[in-house]
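Residue numbers (the working numbering): 1 to 383.
Dropping the structure here:
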């Protein structure tokens, strides 16, 4: 009980401090334009150099920036095949950065080159990233069943994902069941399987009803659960995993791209110490299933459990200062994708003044609830 009161108090203080801090210099048009120009300049300089030990750091930074801005330097695509051909000779960290960028900018492309080298890549994770890219091109290479890779969590999650392309989705009414986290307030992020479509954050009260506005309509706050990479949930920097996420507090980020609006800190079942999530650490899977209650029959809701096993971490629910114009031709515009977090839109004017914040709206409402939520659940309820 003391912990819940402390959580609500800290959240209230953060919101009070933030209420008078509606200006954020990084979000101003001048700064964001300047940052964009500098990133483009650094990308162009990096990709003009060969990939070698001396340039790897520059290249990795360029890969991140190209992802963020969805920026394709002139003539860059022509260079990609040769880099892929020798990618297995580079450090695993670069393999991951480069493949992540290629998948982001050119989904389903370069299947000939990847088919020739994917088995030589340096980790189970990176091999699976290559397989996911090939799958987008409808190419599914044979995998020897007696290999370490074939028995890895990464390959098994990949295999299940493509063997079951049409999952059964839970009805939203089930989340109101008194058998699901009985007597608790629950934050529910309903999403589409197609993560290009923004989803909707709702709040289930301790009375097992949807929290409503003054018009009697359930609150529905826009929230994007899409990573800029659009990689699947089990891969680092992929889309937000479905399932239960434990709420461990709130924070104001020091990451300029996230901005100053309070965010919700989350932990997946096996991300850190199991004791953060489970009272009995000897059988965490059984306990997780029991927490789901009437939702335990929906396989997608076990993603957060599996994502913790594959090393995913630091998934939170936050706002944004990323220039929305990077994504003006995308379905999810003006929302901005992240690297796997839940992101609610925020609009800043040219001076860096916050004009509208969906993030702030729902965080403020939660701070006033008598019973603070212990869990956030992400669930796909349609294509």
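Cβ atoms here follow ideal geometry from the backbone N, Cα and C, with glycine treated the same way.
State the DSSP-derived secondary structure class of residue i, mapped to helix, strand or coil.
| i | result |
| --- | --- |
| residue 8 | Legend: pLDDT at residue 8 = 47, less than 50; position of this residue unreliable, value from coordinates given subsequently. Helix. |
| residue 151 | helix |
| residue 285 | helix |
| residue 136 | helix |
| residue 181 | coil |
| residue 163 | helix |
| residue 103 | helix |
| residue 248 | strand |
| residue 453 | The chain is shown from 1 up to 383; residue 453 falls before or after that span and cannot be answered. |
| residue 362 | helix |
| residue 169 | coil |
| residue 233 | coil |
| residue 342 | strand |
| residue 369 | coil |
| residue 26 | helix |
| residue 128 | helix |
| residue 295 | helix |
| residue 243 | strand |
| residue 88 | helix |
| residue 417 | What the structure shows of the chain is the stretch from 1 to 383, and residue 417 is not part of that stretch, so it cannot be assessed. |
| residue 227 | strand |
| residue 212 | strand |
| residue 19 | In this prediction, residue 19 scores a pLDDT of 45, lower than 50, which makes its location untrustworthy; the coordinate-derived value is nonetheless stated afterwards. Three-state DSSP puts residue 19 in a helix. |
| residue 145 | coil |
When you compare the CB positions of residue i and residue j, do they come within less than 7 Å of one another, or not?
| i | j | result |
| --- | --- | --- |
| residue 317 | residue 244 | no |
| residue 190 | residue 358 | no |
| residue 228 | residue 147 | no |
| residue 175 | residue 188 | yes |
| residue 177 | residue 294 | yes |
| residue 315 | residue 369 | no |
| residue 250 | residue 378 | no |
| residue 163 | residue 134 | no |
| residue 274 | residue 284 | yes |
| residue 32 | residue 269 | no |
| residue 157 | residue 234 | yes |
| residue 111 | residue 139 | yes |
| residue 46 | residue 59 | yes |
| residue 226 | residue 195 | yes |
| residue 396 | residue 79 | Given a span of 1 to 383 for the chain in the structure shown, any question on residue 396 remains unanswerable. |
| residue 143 | residue 137 | no |
| residue 44 | residue 81 | no |
| residue 346 | residue 311 | no |
| residue 271 | residue 313 | yes |
| residue 184 | residue 201 | no |
| residue 380 | residue 287 | no |
Which residue marks the beginning of the alpha helix (DSSP H) containing residue i, and which one marks its end?
| i | result |
| --- | --- |
| residue 200 | That residue, residue 200, is in no alpha helix (DSSP H); its beta strand (DSSP E) goes 199 to 204. |
| residue 33 | 29 to 47 |
| residue 305 | 303 to 309 |
Over what stretch of residues does the beta strand (DSSP E) that includes residue i continue unbroken?
| i | result |
| --- | --- |
| residue 263 | 263 to 267 |
| residue 62 | Counting along the chain, residue 62 falls outside any beta strand (DSSP E), though it belongs to the alpha helix (DSSP H) covering 56 to 69. |
| residue 347 | 346 to 348 |
| residue 380 | 375 to 380 |
| residue 186 | 186 to 191 |
| residue 354 | 354 to 357 |
| residue 113 | Here residue 113 belongs to no beta strand (DSSP E); instead the alpha helix (DSSP H) covers 111 to 117. |
| residue 277 | Neither: residue 277 is in no beta strand (DSSP E) and is coded neither H nor E. |
| residue 223 | 221 to 223 |
Tell me whether residue i counts as near the ligand GDP, meaning its Cβ is closer than 6 Å to at least one heavy atom of that ligand.
| i | result |
| --- | --- |
| residue 332 | The ligand GDP is not among the ligands present in this structure, which contains no ligands whatsoever. |
Discussion item. Does the region 273 to 284 come into contact with the region 84 to 97, if we say contact requires no fewer than three beta-carbon pairs (one atom in each stretch) closer than 8 Å?
Written reply: no
Fill in: Touch test, the region 320 to 340 against the region 367 to 374, Cβ-Cβ under 8 Å, three pairs minimum
no
Item to complete: Kindly confirm or deny that the region 253 to 267 and the region 125 to 132 touch, where touching means at least three C-beta pairs closer than 8 Å.
Response: no
Fill in: Contact the region 106 to 126 vs the region 81 to 91: 3+ CB pairs below 8 Å
yes
Discussion item. Counting beta carbon pairs with one atom in the region 343 to 358 and one in the region 22 to 31, are three or more of them shorter than 8 Å?
Written reply: yes
Worksheet item: Should the region 323 to 337 be regarded as contacting the region 299 to 308, the criterion being three or more beta carbon pairs within less than 8 Å?
Response: no
Fill in: Contact between the region 27 to 42 and the region 57 to 69 (3+ Cβ pairs under 8 Å)
yes
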